[in-house]
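A.B. asks: Numbering (UniProt numbering), first residue to last: 1 to 398.
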Amino acid sequence: MAYIPPHMRRSEDVRRASPFPETLQAQFQRIMNLRASTSHQNKSGNIVYADHAISKWFAVGLDDDGHFPPNIHLEPISLKHVERKSGEKPLVLVNSVVTEEDCKLERNCSKSPWEIIAENVHQELVSSFESLRKEIDGQGSEKVKPALVARLGKIHFRGSHLMGLESVNKTQVEESFLRKFRRSLYTDIPSSYMENIIDGVVPAIGVDFEGEKDVYLVKLSDNAWPDATISCKCSVMENKKLVLYKVELNPVRQMVIDVSCLDKNLDLRVALSTKKILTALTEDEKSSISDLINSAVLDSDMKGGLRWPLGKASSGGRYSVIGAWHTVTKAYKSSSFRLKVRDADRFDFKSGSGEATREIYLKLKRIVSEMQEPGAETDSISSMLEDSLRLIWDKFLL
1 MAYIPPHMRR SEDVRRASPF PETLQAQFQR IMNLRASTSH QNKSGNIVYA DHAISKWFAV
61 GLDDDGHFPP NIHLEPISLK HVERKSGEKP LVLVNSVVTE EDCKLERNCS KSPWEIIAEN
121 VHQELVSSFE SLRKEIDGQG SEKVKPALVA RLGKIHFRGS HLMGLESVNK TQVEESFLRK
181 FRRSLYTDIP SSYMENIIDG VVPAIGVDFE GEKDVYLVKL SDNAWPDATI SCKCSVMENK
241 KLVLYKVELN PVRQMVIDVS CLDKNLDLRV ALSTKKILTA LTEDEKSSIS DLINSAVLDS
301 DMKGGLRWPL GKASSGGRYS VIGAWHTVTK AYKSSSFRLK VRDADRFDFK SGSGEATREI
361 YLKLKRIVSE MQEPGAETDS ISSMLEDSLR LIWDKFLL
């Protein structure tokens, strides 16, 4: 058998091989803390929350007294990518009742699920946007783009090592109990569900196909700005080289509301975030970033789809590559929202791990446009939010 270099060998627990030789991976093994820092002083590569950010979790499908039904319990699941980064199995809420109709028979619901979600989201959204408006007005030449996004996935709870899985399995699920855990939204969607959305839901809701984009994202750290992550959006030329077309800072989360949907197989996240497009780079900054992009080599056998020759993953003593993404996205649009169906292949150089996911999310562009108008009516925003959430509940949540 021919010798295969270590960096070209396929990994058993991820879909792509590492873009670095194994001898170099040790320096990228610092596991980043994906949880928001209470001081918001996050280092590059981490998720960043605004100082005024709102983070909230609640469940829909509770009984008449506001408690979790007895058919809801926590179970650990095996997910190698997550376990490698956190060192533990995540926990998910599981409904032992087979169908949503069976759940409804067990309780009387005075309000629909989307009404409950809209009521919980609306006031937090208005408050977050008011704080954001002041921030946008105070910005200089850089353009700040707000986005309100509804993401689908499964909420993971972590922190079981504090009390032991045996205790978790025997404990009656209560909100106060779940708030002891860290949470994240795992957005990988089964391929059969993706096909159902494209073949069944898209024609039924009357959205127009907008196009498909094949994009490579190169994530950079900046020694002059240690808390920031720079995201370089690139397309591929005919000569198989990357061409850079946009440089922006990683999103800053203004509001994150996670909803455990007990009567569904998927959960929901509604998040308001901002991106800042960097338009005032100096010639030296542009040159250093371009050197990194030009050094990238397309390689479909690598996680993230890119690799860098030895010594070429940093430039100018300032910028270093800390991540690579390859995304293929199909976009559909209506007057109210933009639906995106995405295949994403990611590699994080800091943790030395990667994953490939299939994702579905909706950008609620009409609500954002309405909120940006002077004198926007809260009743109008509430109505649009409820309409959007009803569509998501009926058509997109399993």
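Where is the CB? At the ideal position from N, CA and C, for every residue including glycine.
These figures come from a predicted structure and were not determined experimentally.
Can you give the beta carbon distance from Val-321 to Ala-313, rounded, assuming they're within the 8 Å contact cut?
C.D. replies: With a Cβ gap of about 4 Å, Val-321 and Ala-313 count as contacting.
A.B. asks: Check whether the Cβ atoms of Glu-355 and Arg-346 lie closer than 8 Å to each other.
C.D. replies: Yes. Within cutoff.
A.B. asks: Thinking just about the alpha-carbon of each residue, which of Val-94, Ser-231, Asp-379 and Ser-295 is nearest to the one in Arg-307?
C.D. replies: With distances taken between Cα atoms, Arg-307 lies closest to Ser-295.
A.B. asks: How about Leu-278 and Glu-248: do their beta carbons lie closer than 8 Å?
C.D. replies: Cβ distance < 8 Å, so Leu-278 and Glu-248 count as in contact.
A.B. asks: Quick one: using the 10 Å Cβ neighbour count with 16 as the cut-off for buried, is Gln-254 buried or exposed?
C.D. replies: With 16 or more other Cβ atoms within 10 Å, it is buried.
A.B. asks: Given 8 Å as the limit, is there contact between the region 142-155 and the region 358-370, that is, 3 or more CB pairs closer than that?
C.D. replies: These segments touch.
A.B. asks: For the alpha helix (DSSP H) that Val-368 lies in, which residues bound it at each end?
C.D. replies: Unbroken alpha helix (DSSP H) run through Val-368: 365-372.
A.B. asks: For Phe-68 versus Val-173, is the C-beta distance shorter than 8 Å?
C.D. replies: It is a contact, given that the beta carbons lie within the stated cut-off.
A.B. asks: Could you work out which residue in Ser-335, Ser-260, His-52 and Asp-227 is closest to Ser-184 when comparing CA atoms only?
C.D. replies: It is Ser-260 whose Cα lies nearest to the Cα of Ser-184.
A.B. asks: Compute the Euclidean distance between the alpha carbons of residue 400 and Val-92, then round it to the nearest angstrom.
C.D. replies: Past the edges of the chain, shown from 1 to 398, lies residue 400, and the structure says nothing about it.
A.B. asks: Thinking C-beta only, is Pro-90 closer than 8 Å to Arg-179?
C.D. replies: No, the Cβ-Cβ distance between Arg-179 and Pro-90 is not below 8 Å.
A.B. asks: Determine the DSSP secondary structure at Asp-299, reduced to helix, strand or coil.
C.D. replies: Asp-299: coil per DSSP, three-state reduction.
A.B. asks: Should Asn-120 and Phe-58 be called a contact, given that it needs their Cβ atoms to be closer than 8 Å?
C.D. replies: In this structure, Phe-58 lies closer than 8 Å to Asn-120 by Cβ.
A.B. asks: In this structure, what does DSSP give as the bridge partners for Tyr-361?
C.D. replies: Note: Tyr-361 sits in a beta bridge opposite Arg-151 and Lys-340.
A.B. asks: How far does the beta strand (DSSP E) with Met-255 in it reach, from first residue to last?
C.D. replies: Taken as a continuous stretch (DSSP letters only), the beta strand (DSSP E) holding Met-255 covers 252-261.
A.B. asks: Between which two residues does the beta strand (DSSP E) carrying Thr-274 extend?
C.D. replies: Start and end: 267-277.
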